[in-house]
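Written out below as structure tokens is the structure these notes cover.
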Amino acid sequence: MIKIDKCVAKPTGFNVIKITSELGDEVQKAFKTADKLDEKLDRPRNHWKTMFEYHGLVWSDIWGFEFIANFGKKNQGMRQLVSLNDRIIEDRDGEQFLIPNDLFERYFI
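Following my numbering, the numbering of the sequence shown begins with 82 at its first residue and continues without gaps.
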């Protein structure tokens, strides 16, 4: 027989970054500047720094706008495409998740 339990979620706080066209323009500009500075270096130091500054958001001329969850950590995720109004959620332990807009609005608004 199936047993169905009741669950109550505890209130929790987390940070949210909403993907907007303004943010996309800012990230694209920052990465183009970083890549230009890295041309003189032996490794993409400025590119990596920019990834940290923008919480795992990445811009490249080849792949476009992407997100790498938990960049630089042991549990680093694979590249994920991002769309306008998607959200990056950072929990209190610093773990990051990309949530599509429709799911964010369904569960958090």
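Where is the CB? At the ideal position from N, CA and C, for every residue including glycine. From a predicted model like this one, the values you see are computed outputs, not experimental measurements.
Asked                                                                                                   : Found
For N60, three-class secondary structure by DSSP                                                        : Outside the displayed span of the chain (82 to 190) sits residue 60, for which this structure offers no information.
CA-to-CA distance, I143 to F95, given in whole angstroms                                                : 32 Å
For K113, three-class secondary structure by DSSP                                                       : helix
Per-residue burial, T173 [other beta carbons within 10 Å of its own, 16 or more giving buried]          : Checking the displayed sequence, the identity of residue 173 turns out to be Arg instead of Thr. Under this definition R173 is an exposed residue.
Span of the alpha helix (DSSP H) around F189                                                            : 182 to 189
Any alpha helix (DSSP H) of 4 or more consecutive residues that is wholly inside the segment 124 to 148 : 126 to 134
For L118, the three-state DSSP class (helix, strand or coil)                                            : helix
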